[in-house]
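Residue numbers (my numbering), protein chains in the order written: chain L, 1 to 152; chain R, 1 to 152. Using N, Cα and C, we set each Cβ at its ideal position, and we do this for glycine too. Fair warning: this is a prediction, and the values are worked out from it, not measured in the lab.
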DNA sequence: TATTGTTATACTCTATAACTATA
DNA sequence: TATAGTTATAGAGTATAACAATA
């Protein structure tokens with residue numbers, strides 16, 4: 001169980017080190033959710049629709065940082081898998097509203113649980129101070145990203 | 001500049017919240033590096049070869065958590081872009097060693113700088129305690145992932 | 001004329017299965 | 001027979017350009 005006791009201050013973590021850490025997390029998280037065989041992109045769209053309700057396709061594309069054609073195709077795949085459905089936007093004949101189905105909601109819930117579990121497995125191997133640091137750091141970074149994107 | 005002063009303890013960050021934060025970071029980091037037009041997968045391979053030197057194709061696939069055919073194609077694309085080259089493995093006629101070219105090293109360096117800069121932009125918007133938390137949390141998580149993968 | 005969405009086209013990324021060559 | 005790598009095939013994810021329909 002060779003537990004490595006970390007020196008939390010001495011090993012000055014450079015931005016380069018930090019970015020390598022982020023990339024490791026990317027790969028780890030990506031591999032952790034398997035239900036429904038969805039990609040992270042599909043999973044993110046499903047999760048957003050579940051949290052925020054029906055959404056215009058264009059808004060969805062912008063919110064996810066994707067192109068409109070990309071979102072069209074992604075929604076088509078999700079629709080084919082009965083995870084979302086398209087409905088007409090009564091207030092604008094051009095628009096399409098995308099909403100999650102009950103199946104989609106359930107798949108989304110399960111995937112989020114899987115990812116959360118994978119992260120939990122990591123976190124519980126950390127020391128207590130490190131765990132606290134994680135609880136502060138991740139939400140703070142998420143908030144900084146949101147601020148940054150709303151300002152631009 | 002509406003600076004939000006966070007309560008660092010009251011808003012109990014659940015694993016679900018944390019995973020949402022991680023996903024935001026994934027998308028943010030992914031969009032931050034543009035030099036060479038490489039994907040994260042390609043970038044990761046290039047970075048690894050730069051850090052660790054020439055590597056067998058199979059080892060590269062295993063290290064990156066990819067299939068062998070996937071790695072074959074990725075290396076082929078990187079080779080076409082003159083970022084890596086294949087050489088024979090003298091000790092094993094079946095094997096192929098992949099190594100980064102000078103061009104590849106330079107592109108890799110620049111991309112890492114771009115990502116680091118993007119992360120730095122986020123971090124400098126955080127409060128001092130939050131910054132400290134990031135410096136502790138990200139390396140700790142990376143270490144936990146490594147431990148987890150070497151144990152399985 | 002501008003906006004919303006889709007289609008067309010072309011890459012990258014990914015996996016599994018089948019194959020070749022070497023150990 | 002087992003291992004290293006490639007080829008074949010297929011599908012997801014992405015982008016830009018061209019298009020249709022509506023505002």
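Taking a C-beta distance under 9 Å as the contact criterion, residue 24 (chain L) and residue 18 (chain R) do not qualify as a contact pair. Take residue 61 (chain R), set aside five residues on each side of it, and the residues of its chain with a beta-carbon closer than 6 Å to its own are 68, 71, in chain order.
Three or more Cβ pairs closer than 8 Å define a contact, and the segment 94–111 of chain R meets that threshold against the segment 50–65 of chain R. Within the model, the alpha-carbon separation for residue 141 (chain L) versus residue 30 (chain R) is close to 15 Å. If the five residues before and after residue 85 (chain R) are omitted, its C-beta is found closer than 7 Å to the C-beta atoms of 79, 99, 101, all from its own chain and listed in chain order. Excluding five sequence positions before and after residue 33 (chain R), the CB atoms of its chain that fall closer than 7 Å to its own CB belong to 43, 111, 114, 115, given in chain order. With respect to chain R, the C-beta atom of residue 61 (chain L) has no partner C-beta closer than 9 Å. Interface annotation, residue 108 (chain L): not in contact with chain R, CB-CB separation never under 9 Å. Chain-order list of chain L residues neighbouring residue 126 (chain R): 137, 140, 141, 143, 144, by C-beta distance under 9 Å. Around the CB of residue 21 (chain L), 16 or more other CB atoms lie within 10 Å, so the residue is classed as buried. Comparing alpha-carbon positions, the option among R:146, R:131, R:48 lying closest to residue 15 (chain L) turns out to be R:131. Residues 28 of the same chain have their beta carbon placed closer than 8 Å to that of residue 122 (chain R), with the five preceding and five following residues left out of the count. One alpha carbon belongs to residue 94 (chain R), the other to residue 59 (chain R), and they sit about 13 Å apart. The Cβ-Cβ distance between residue 50 (chain L) and residue 82 (chain L) does not fall below 9 Å. Under the DSSP assignment, residue 45 (chain L) falls in the alpha helix (DSSP H) whose first and last residues are 40–52.
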